[in-house]
Amino acid sequence: MALRRLQAELTDLNRNPLENVSVGPSDDSNILHWKGHILGPSNSPYKGGIFKIDIQFNTDYPFKPPKVKFTTKIYHPNIDEEGAICVALLKNDQWKPATRVNQVLRALVTLLEQPNPEDPLMTDIAEIYVTDQAKFQKTAKDYTKRYASS
Amino acid sequence: MAATGSVYRNNSNIDSSNNGSSNNNSGSSNTTNYNETKDLPISFSATLTEEALYDPRGLQYVEPTQTSLQCSVCCEYFTEPVSAPCGHTFCRACILQALEVRNGCPLCRTKIDPAMLYEVIALSRICDELLVYCPHKELGCNHTCQRIQIGQHLKDDCVYIGTLCREHHKTCPAESVTCPHCETTRARLRHLEHIKTCPQQIIPCTLSEFGCPWKGPRFDLEAIHIPQCPYEAIRGFLELSKSKMEALEQENQHLRGIFHDLRPQVQQLRDQVGQIQESLQLIAEQEQEQAAGSNINNSGGGISFGTLGGFMDMNYHQYQHRPQFSPRIDRRESYDLVSVNGVDNEMEMERQRASTMNRNNSIGAESMMSSGAGAGGVMTPGNAAEAHELLISENERIRSEIETLTAGLASLELKQNMAIMTESMRIQEEVQSLRAVCHGLRMQMHYLLLEQQNLRHHPGPPPPPGSPAGAVGGNQPGLKGSVNGGPSGDSTANGRSLSVSGPPRPRLSDGLGRQDTKL
Ligand SMILES: [Zn+2]
Ligand SMILES: [Zn+2]
Ligand SMILES: [Zn+2]
Ligand SMILES: [Zn+2]
Ligand SMILES: [Zn+2]
Ligand SMILES: [Zn+2]
Numbered sequence: 084m085a086l087r088r089l090q091a092e093l094t095d096l097n098r099n100p101l102e103n104v105s106v107g108p109s110d111d112s113n114i115l116h117w118k119g120h121i122l123g124p125s126n127s128p129y130k131g132g133i134f135k136i137d138i139q140f141n142t143d144y145p146f147k148p149p150k151v152k153f154t155t156k157i158y159h160p161n162i163d164e165e166g167a168i169c170v171a172l173l174k175n176d177q178w179k180p181a182t183r184v185n186q187v188l189r190a191l192v193t194l195l196e197q198p199n200p201e202d203p204l205m206t207d208i209a210e211i212y213v214t215d216q217a218k219f220q221k222t223a224k225d226y227t228k229r230y231a232s233s
Numbered sequence: 071m072a073a074t075g076s077v078y079r080n081n082s083n084i085d086s087s088n089n090g091s092s093n094n095n096s097g098s099s100n101t102t103n104y105n106e107t108k109d110l111p112i113s114f115s116a117t118l119t120e121e122a123l124y125d126p127r128g129l130q131y132v133e134p135t136q137t138s139l140q141c142s143v144c145c146e147y148f149t150e151p152v153s154a155p156c157g158h159t160f161c162r163a164c165i166l167q168a169l170e171v172r173n174g175c176p177l178c179r180t181k182i183d184p185a186m187l188y189e190v191i192a193l194s195r196i197c198d199e200l201l202v203y204c205p206h207k208e209l210g211c212n213h214t215c216q217r218i219q220i221g222q223h224l225k226d227d228c229v230y231i232g233t234l235c236r237e238h239h240k241t242c243p244a245e246s247v248t249c250p251h252c253e254t255t256r257a258r259l260r261h262l263e264h265i266k267t268c269p270q271q272i273i274p275c276t277l278s279e280f281g282c283p284w285k286g287p288r289f290d291l292e293a294i295h296i297p298q299c300p301y302e303a304i305r306g307f308l309e310l311s312k313s314k315m316e317a318l319e320q321e322n323q324h325l326r327g328i329f330h331d332l333r334p335q336v337q338q339l340r341d342q343v344g345q346i347q348e349s350l351q352l353i354a355e356q357e358q359e360q361a362a363g364s365n366i367n368n369s370g371g372g373i374s375f376g377t378l379g380g381f382m383d384m385n386y387h388q389y390q391h392r393p394q395f396s397p398r399i400d401r402r403e404s405y406d407l408v409s410v411n412g413v414d415n416e417m418e419m420e421r422q423r424a425s426t427m428n429r430n431n432s433i434g435a436e437s438m439m440s441s442g443a444g445a446g447g448v449m450t451p452g453n454a455a456e457a458h459e460l461l462i463s464e465n466e467r468i469r470s471e472i473e474t475l476t477a478g479l480a481s482l483e484l485k486q487n488m489a490i491m492t493e494s495m496r497i498q499e500e501v502q503s504l505r506a507v508c509h510g511l512r513m514q515m516h517y518l519l520l521e522q523q524n525l526r527h528h529p530g531p532p533p534p535p536g537s538p539a540g541a542v543g544g545n546q547p548g549l550k551g552s553v554n555g556g557p558s559g560d561s562t563a564n565g566r567s568l569s570v571s572g573p574p575r576p577r578l579s580d581g582l583g584r585q586d587t588k589l
């Protein structure tokens with residue numbers, strides 16, 4: 084089931100590629116492990132950066148959510164130092180089997196555009212985001228330049 | 071960026087607003103479909119799952135999936151679609167599987183009681199009419215039909231199911247076959263590969279072509295037989311001698327070809343000699359005729375001189391043709407070149423003599439004519455007698471010339487025959503020597519095999535081949551028999567090797583002795 088659905092999703096992603104996102108299996112023998120990258124949105128301090136992501140599916144996909152994380156260091160209130168992402172639709176208790184990979188990826192792009200400080204993973208960054216927007220912008224840009232530039 | 075954002079927002083809209091809009095849907099479809107479900111028989115999917123031949127959701131469709139007819143869990147065309155009270159539709163199997171993991175609609179997470187799922191008959195029919203490939207497509211079944219009929223096809227028509235196999239029973243790639251050697255069972259398709267490596271299959275030794283009589287299961291070949299195989303030990307030698315034998319055979323073939331090429335040439339030469347002989351005989355006959363008629367008719371003599379000259383010319387031409395053949399011989403028989411050239415020289419000399427003779431003849435004829443003219447056309451007895459004498463002497467000379475020519479031709483023929491004989495002798499000798507080499511190889515092999523066998527039979531210290539046994543066997547033939555005591559073949563083989571290795575040794579020691587004395 085998981086393999087057939089992932090195959091179908093991959094075919095669909097190849098036919099209708101997402102803007103600023105590219106993704107696919109890391110090697111042909113294992114369709115359960117995908118890798119990709121997201122270009123930093125132009126209306127965000129992450130502009131100009133390339134952020135690598137890693138998606139690990141399980142054989143019980145789509146009944147359980149995939150494990151998604153950033154492998155590029157990023158300064159963001161909802162992404163921790165390990166790259167773990169706090170986003171509602173990927174949480175175990177909120178995952179819906181009908182959610183597809185392209186929806187997950189779109190959610191990640193949106194998260195970069197609009198961080199969610201009400202449900203933070205990095206409380207200190209969230210506080211700066213709320214109190215000192217200029218400082219947040221600057222630090223995020225510095226991080227992007229330092230870690231996400233090719 | 072705005073685009074992606076808005077799309078995402080759309081999705082979230084769907085997620086959140088579904089509850090509201092879908093309630094209406096569920097209400098209407100609930101009432102309409104539920105009644106139909108009661109009346110109509112269950113859709114084909116149920117029967118297929120009963121057969122448990124395959125996952126019906128794994129069917130391959132002829133046309134690519136349309137999103138409107140797609141289950142959002144498996145991303146395939148709906149199979150036995152059911153709707154939840156929230157209005158969302160999934161395959162029955164998909165929603166049940168999802169509910170097992172977590173109770174909630176896979177799309178809107180509304181809690182669902184499995185008993186509340188109801189079949190969407192119209193959708194089910196639409197999806198059942200989609201064209202699908204036979205699940206045995208990979209095995210070779212190219213059948214396509216409506217999805218609802220695929221169960222029937224698998225049951226009755228498809229020839230690629232082992233249990234339902236019909237005419238092609240003997241060759242069906244899907245039928246399970248039990249290996250006759252190791253008694254394991256697999257599909258025929260796999261069996262064909264298995265048989266190549268089946269550890270229990272009886273196979274001959276890899277060196278059976280050299281005479282190893284061993285036969286046994288493949289497993290034993292590597293593990294047991296090869297370490298013991300007497301042929302394996304001399305494998306290198308066997309392969310070498312095989313390649314040598316092949317080379318010799320090839321050479322033999324080549325020589326035979328050359329011999330065949332030579333044969334028609336020899337025949338041609340023989341014919342040539344025959345022709346020459348015939349023409350010479352003709353000349354001799356005409357000569358005799360002329361000698362008989364010359365007394366009566368002088369002018370006839372003149373004509374016959376002319377004809378004789380013509381014959382001489384003809385012969386001369388034939389001699390000129392000769393060199394066309396001689397080079398072919400020369401190429402092969404360089405030593406024969408001298409003798410053939412000798413014949414040519416002889417012929418040249420004869421030709422010169424004949425031409426001078428011709429000249430003499432013409433002079434004679436001229437003088438005859440002039441003398442005739444001098445006599446004013448009247449033949450005087452003196453003149454006649456003179457002419458007669460001249461003719462007789464000419465005849466004599468010509469006869470002797472012909473004799474030498476005949477002798478020359480005879481010697482030529484002899485030499486040709488000799489040349490042919492020496493060539494064929496040479497070829498014969500070569501064949502003989504090849505045969506001897508083959509024999510030698512065979513003897514060597516035989517000897518080695520026997521020695522191998524001896525070694526196996528008497529695993530104790532083997533008699534060192536050659537030296538001590540050789541001394542014993544060579545000096546005391548009586549003892550040799552008792553020492554060997556084995557089969558007669560054995561003793562001959564040993565005897566042979568002894569007689570070969572025996573003689574050189576004293577000579578070697580002699581040489582050393584001489585060297586010693588010199589030093
Ligand atoms: Zn489904
Ligand atoms: Zn729902
Ligand atoms: Zn079929
Ligand atoms: Zn069959
Ligand atoms: Zn077998
Ligand atoms: Zn063997």
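Chains as they are written, first to last, in my numbering: chain A, 84 to 233; chain B, 71 to 589.
No residue lacks a Cβ here, since even glycine has one placed at the ideal position from N, Cα and C.
- No Cβ-Cβ contact shorter than 8 angstroms links B/P176 with B/V229.
- Apart from the 5 residues on each side of it in sequence, B/L511 sits with its Cβ closer than 6 angstroms to the Cβ of S311 in its chain, given in chain order.
- Per the coordinates, the alpha-carbon of B/L166 lies some 7 angstroms from the alpha-carbon of B/P184.
- In the assembly as shown, B/I328 is an exposed residue. Its beta-carbon has fewer than 16 other beta-carbons within 10 Å.
- Our two residues, A/L173 and B/C178, have alpha carbons roughly 14 angstroms apart in a direct line.
- Take B/C197, set aside five residues on each side of it, and the residues of its chain with a beta-carbon closer than 8 angstroms to its own are L139, Y147, F148, T149, P151 and R217, in chain order.
- Residue environment: B/H261 is assigned as buried (16 or more neighbouring CB atoms within 10 Å of its CB, all protein chains considered).
- From the beta-carbon of A/E92, the residues of chain B found nearer than 7 angstroms are C145.
- Of the residues assessed, B/S153 falls on the buried side of the cut-off, its CB having 16 or more other CB atoms within 10 angstroms.
- For A/K174, no alpha helix (DSSP H) run applies, since DSSP gives it neither H nor E.
- With a threshold of 16 other beta carbon atoms within 10 Å, B/Q486 meets it and is buried.
- Counting other Cβ atoms within 10 Å of its Cβ, A/P203 reaches 16 or more and is therefore classed as buried.
- Short note on B/E146: C-beta closer than 7 angstroms to some heavy atom of ligand 1.
- In the same chain as A/Q220, and ignoring 5 residues on each side of it, the C-beta atoms closer than 6 angstroms to its own belong to P128, in chain order.
- For the pair B/I273 and B/F280, the Cα-to-Cα distance works out to about 15 angstroms.
- Under the three-state reduction of DSSP, B/T476 is assigned to helix.
- Between the segment 336-344 of chain B and the segment 475-491 of chain B there are three or more inter-stretch CB-CB distances shorter than 8 angstroms, so the stretches are counted as touching.
- A/V192 sits close to A/V104, with the two beta carbons spaced by under 8 angstroms.
- Using a CB distance cut-off of 8 angstroms, A/A231 does not count as an interface residue toward chain B.
- Interface with chain A (8 angstroms Cβ-Cβ cutoff): B/P176 is included.
- At least one heavy atom of ligand 1 falls within 7 angstroms of the beta-carbon of B/V143.
- For B/P269, no alpha helix (DSSP H) segment is defined, and its DSSP state is neither H nor E.
- Unbroken beta strand (DSSP E) stretches of 3 residues or longer found wholly inside the segment 207-233 of chain B: 214-216, given in chain order.
- Between A/V184 and A/E92, the gap from beta carbon to beta carbon is short of 8 angstroms.
- Counting along the chain, no alpha helix (DSSP H) covers B/V132, and no H or E run does either.
- Of all residues in the segment 177-208 of chain A, those with a C-beta nearer than 7 angstroms to a C-beta of chain B are K179, P180, A181, Q186, R189, A190, V192, T193 and E196, reading in chain order.
- Of all residues in the segment 134-153 of chain A, those with a C-beta nearer than 9 angstroms to a C-beta of chain B are D143, P145, F146 and K147, reading in chain order.
- In this structure, B/P134 is the residue among B/L129, B/P134, B/Q130 and B/G128 with its C-alpha nearest to the C-alpha of A/R98.
- B/T180 has its CB nearer than 7 angstroms to a heavy atom of ligand 2.
- In the assembly as shown, B/I294 is an exposed residue. Its beta-carbon has fewer than 16 other beta-carbons within 10 Å.
- Closest in C-alpha terms to B/G478, from the list B/Q347, B/L352, B/N465 and B/H527, comes B/Q347.
- For A/F146, the shortest separation between its Cβ and any heavy atom of ligand 1 does not lie below 7 angstroms.
- Bridge pairing for A/D110: A/N113 [DSSP].
- Secondary structure note for A/F134: its beta strand (DSSP E) is the uninterrupted segment I133 to Q139.
- In the DSSP assignment, B/P334 falls within the unbroken alpha helix (DSSP H) covering R305 to G363.
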